[in-house]
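In the numbering used here, the protein residues as written are 25 to 156.
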């Protein structure tokens with residue numbers, strides 16, 4: 025799918041959502057090779073992997089903007105427990121019935137390696153309450 029573009033909130037090594045060989049989106053003037061989560065391929069404006077950093081809300085809002093612009097199918101990925109940070113933009117994408125993909129990983133309440141802050145106990149019910 026050449027129209028698929030997106031990334032994760034600084035969690036690409038964990039969410040494993042990188043588009044291998046599709047390049048990383050970044051200005052070639054500031055590109056480097058030692059970036060966490062770099063998928064490979066050319067760094068440039070033609071890259072389809074976006075490195076959002078720890079910005080879940082902005083990531084979901086950017087995905088919505090890309091979908092509204094047209095021609096692209098954006099995706100964004102993060103741990104399920106961080107869905108709270110992107111809820112307003114995610115809700116608007118659902119209400120507008122945008123062609124966006126939201127990937128949530130690490131959805132087990134038993135994961136626990138980082139303690140209760142990374143255990144999405146009520147998140148499934150909360151997201152199901154969003155229309156669409």
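Idealized CB from N, CA, C, for every residue including glycine.
Please read all numbers here as calculations on a predicted model, not as lab measurements.
Pair within 8 angstroms by beta-carbon distance, residue i and residue j
| i | j | result |
| --- | --- | --- |
| residue 42 | residue 100 | no |
| residue 114 | residue 126 | yes |
| residue 103 | residue 74 | no |
| residue 82 | residue 76 | yes |
| residue 67 | residue 47 | yes |
| residue 27 | residue 70 | no |
Buried/exposed call for residue i, threshold 16 Cβ in 10 Å
| i | result |
| --- | --- |
| residue 150 | exposed |
| residue 72 | buried |
| residue 147 | buried |
| residue 51 | exposed |
Straight-line gap, residue i to residue j (C-alpha atoms, nearest Å)
| i | j | result |
| --- | --- | --- |
| residue 106 | residue 80 | 7 angstroms |
| residue 124 | residue 156 | 12 angstroms |
Residue range of the beta strand (DSSP E) that includes residue i
| i | result |
| --- | --- |
| residue 71 | Taken as a continuous stretch (DSSP letters only), residue 71 belongs to no beta strand (DSSP E), as it is neither H nor E. |
| residue 42 | No beta strand (DSSP E) holds residue 42; DSSP gives it neither H nor E. |
Extent of the continuous alpha helix (DSSP H) to which residue i belongs
| i | result |
| --- | --- |
| residue 38 | 36-39 |
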